[in-house]
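Beneath this line is the structure, given in structure tokens, with notes to follow.
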Amino acid sequence: PGAADRRRGYRTAMSRHGLADRVRVLPGGLTEEDGAAGARALLDAATRPTAVLVFNDRSATGVLDTLLRARVAVPGEISVVGFDDSHLARLAHIDLTTVGQDIPRLAELAVGRAIARLEREPTPTGEAVVAPHLVVRGTTATPA
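Numbering (this note's numbering), first residue to last: 22 to 165.
Next comes the structure, spelled out in structure tokens:
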């Protein structure tokens, strides 16, 4: 699954909760600079969101930096959520709420399928889904 799958999942979840009219997806990328560019676009918009879900934790640090420099309170004015639960998210001065993945389980499934293919054993078709989990830290709060 990639960016398109994440966007689709996000839109579906927002729709399921009656929030489809609040969905705004901006082009982004993987780096701090990409996150900063996205944050600047949000700050320039007529209405600001109460929360931002960012492609990954690295990009989320760019969002956080830009909001901090613009004197936007996180999480008071805008909540920020990353994706990966990387080492960056765990740094005390960042304390990023993020979506974590079970990396050992994902690796186990990938290696298992690769070995089965190499040994010409039948392998399951389709995707194996490993549910992510929310890791709540200091960059999210209930909207005011």
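Glycine included, every Cβ here is placed at the ideal spot set by N, Cα and C.
Own chain partners of residue i with C-beta closer than 6 Å, once the 5 adjacent residues on each side are dropped
i, result
"HIS154", "GLY121"
"ALA57", "GLY83 and THR87"
"ASP123", "VAL151"
Close Cβ partners of residue i (< 8 Å) along its chain, the five nearest in sequence each way excluded
i, result
"VAL101", "ALA72, VAL73, VAL75, ALA81, VAL84, LEU85, LEU88, VAL95, LEU117, THR118, THR160 and THR161"
"ASP78", "GLY103, PHE104, ASP105, ASP106, SER107, LEU109, ALA110, LEU117 and THR119"
"VAL46", "ARG28, TYR31 and ARG32"
"PRO200", "The structure shown has nothing for residue 200, since the chain only spans 22 to 165."
"ALA41", "ARG32 and MET35"
"THR52", "ARG79, SER80 and GLY83"
Residue range of the alpha helix (DSSP H) that includes residue i
i, result
"ALA25", "24–37"
"THR82", "78–90"
"LEU127", "124–139"
"ASP55", "53–65"
"ALA110", "108–111"
Buried versus exposed call for residue i [16 or more other C-beta atoms within 10 Å across all chains shown]
i, result
"GLY97", "exposed"
"ALA60", "buried"
"ILE115", "buried"
"GLY39", "exposed"
"ALA34", "exposed"
"ASP55", "buried"
"GLY49", "buried"
Cβ distance (whole Å) where residue i is taken to contact residue j below 8 Å
i, j, result
"LEU64", "PRO70", "Their Cβ separation, rounded to whole angstroms, is 10 Å, which puts LEU64 and PRO70 out of contact at 8 Å."
"ARG138", "THR146", "12 Å between Cβ atoms; not a contact."
"VAL151", "LEU127", "6 Å"
Residues sharing a beta bridge with residue i, DSSP
i, result
"THR118", "VAL102"
Residue i, enclosing beta strand (DSSP E) - first and last residue
i, result
"ALA72", "72–74"
"VAL156", "154–156"
Same chain only: Cβ atoms within 7 Å of residue i, ignoring 5 sequence neighbours per side
i, result
"SER36", "none"
"VAL44", "ARG32 and MET35"
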